[in-house]
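**Q**
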Amino acid sequence: MTFHQRLCGALVAITALAQAAQAQDDAASGAAAPSALAIEFNSLNQLDGACRLTFLATNATGSDIDGVSLEAVLFTTQGAVERLTIFDLGALPQGRPRVRQFDVPGLSCDAVGQVLVNGLASCEGASLTPASCLKSLTLSSRTSAELLG
54 MTFHQRLCGA LVAITALAQA AQAQDDAASG AAAPSALAIE FNSLNQLDGA
104 CRLTFLATNA TGSDIDGVSL EAVLFTTQGA VERLTIFDLG ALPQGRPRVR
154 QFDVPGLSCD AVGQVLVNGL ASCEGASLTP ASCLKSLTLS SRTSAELLG
C-alpha cells in the first residue's frame, strides 16, 4: 500500500469518526433540549396605511395550546416606544408551525427597530399558564428588527 493510499484511508476513517461523534452529540443535545414555544419574527411588509408583522409560531411544549396572546411593545429604530399592543396568536397545535399576521395601522415598517414580548396576556391549554409558557418561550427574528423577550 502506498503512502497516498494509507493517507486517503486515514482521512476517510477520521471523517467517519468525526461524523459519528457529531451525530452522537446532536442526538444527545436533542434528547436534552427543553420543550419550547418558539416565536420567529418572520417579516415586515408595508401596506397602504399599515405595517404587516408576520410571525411563525411553533409549539413544542408537549401539548396543544388552546390560545396564546403576546403583550408586545413596538420600539422605533431610535429606541422610543411607538405603542403597546396584544398579538393574539390563537390556538397552536403541538408540533405544527403556524403563521400569524398582524396589520398595525398608522405604522411605517421602516420605523420598527425592535419588538419586545413584554409578557403573555394568556396561555391556555392542559396544565398551561402564562408563566409556564413564558418560561418555555424562545424568540428569533428574520427581519431587520429584533424580537426581544
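Residue 79 in my numbering sits at position 26 of the sequence shown, and the numbers go up by one each step.
Even glycine gets a Cβ: it sits at the ideal position worked out from N, Cα and C.
Looking only at C-alpha atoms, which of Val168, Ile118, Ala113 sits nearest to Gln131?
**A** Translated into positions along the sequence shown, residue 131 becomes position 78. Here the closest residue by C-alpha is Val168.
**Q** Could you pull the DSSP bridge partners for Arg149 from this structure?
**A** Your numbering for residue 149 matches position 96 in the sequence shown. In the DSSP output, where bridge partners are listed per residue, Arg149 has none listed.
**Q** Which residues in the same chain as Ala152 place their Cβ atom closer than 6 angstroms to its Cβ, once the five residues preceding and following it in sequence are excluded?
**A** As a first step, residue 152 is located in the sequence shown; it is residue number 99 there, counting from the start. Reading off the sequence shown, one finds Val at residue 152, where the question assumed Ala. So the qualifying residues of the chain are Leu109.
**Q** Run through the segment 97 to 137 for me and flag every whole beta strand (DSSP E) of 3 or more residues, listed as ranges in chain order.
**A** Listed in chain order, they are 103 to 113, 118 to 129.
**Q** Give me the Cα-Cα distance between Leu173 and Ala103, rounded to the nearest whole angstrom.
**A** For the purposes of this step, residue 173 is taken as the residue at position 120 of the sequence shown. For the purposes of this step, residue 103 is taken as the residue at position 50 of the sequence shown. About 24 angstroms.
**Q** Give me the Cα-Cα distance between Leu90 and Asn112, rounded to the nearest whole angstrom.
**A** Numbered from its first residue, the sequence shown carries residue 90 at position 37. Numbered from its first residue, the sequence shown carries residue 112 at position 59. About 5 angstroms.
**Q** Spatial neighbours of Ser161 within its chain, please: CB distance less than 8 angstroms, with the 5 preceding and 5 following residues excluded, ordered by chain position.
**A** Along the sequence shown, one-based indexing puts residue 161 at 108. Cβ neighbours of Ser161 beyond the five flanking positions: Gln99, Cys104.
**Q** Since Gly166 contacts Thr129 with CB under 8 angstroms, what's their CB separation in whole angstroms?
**A** Along the sequence shown, one-based indexing puts residue 166 at 113. Along the sequence shown, one-based indexing puts residue 129 at 76. Right, their Cβ atoms sit about 6 angstroms apart.
**Q** By Cβ distance, which residues of its chain are closer than 7 angstroms to Gly83, with the 5 residues on each side in sequence left out?
**A** For the purposes of this step, residue 83 is taken as residue 30 along the sequence shown, with counting starting at 1. Here Gly83 scores only 43 on pLDDT, less than 50, and its place in the model should not be relied on; the value that follows carries that caveat. Same-chain partners within the cutoff: there are none.
**Q** Among all the DSSP beta bridges, which residues are the ones paired with Pro158?
**A** In the sequence shown, the residue the question calls residue 158 occupies position 105. Note: Pro158 sits in a beta bridge opposite Ala103.
**Q** Ends of the alpha helix (DSSP H) at Leu187?
**A** To locate residue 187, count along the sequence shown from 1; it is residue 134. Segment 183 to 188, the alpha helix (DSSP H) holding Leu187.
**Q** In terms of DSSP beta bridges, what is Thr196 paired with?
**A** Locating residue 196 in the sequence shown gives position 143, where the first residue counts as 1. None, per the DSSP bridge assignment.
**Q** Output yes or no for whether 8 angstroms exceeds the beta carbon distance between Gly115 and Ser175.
**A** Walking along the sequence shown from the start, residue 115 turns up at place 62. Walking along the sequence shown from the start, residue 175 turns up at place 122. No; because the gap between Cβ atoms is not below 8 angstroms, this pair is not in contact.
**Q** Inspect the beta-carbon positions of Asn171 and Val134 and report whether they are closer than 8 angstroms.
**A** Indexing the sequence shown from 1 puts residue 171 at position 118. Indexing the sequence shown from 1 puts residue 134 at position 81. No. Outside cutoff.
**Q** If you draw a straight line from the C-alpha of Ser96 to the C-alpha of Leu106, how long is it?
**A** Stepping through the sequence shown from its first residue, residue 96 is reached at position 43. Stepping through the sequence shown from its first residue, residue 106 is reached at position 53. For Ser96 and Leu106, the distance between alpha carbons rounds to 6 angstroms.
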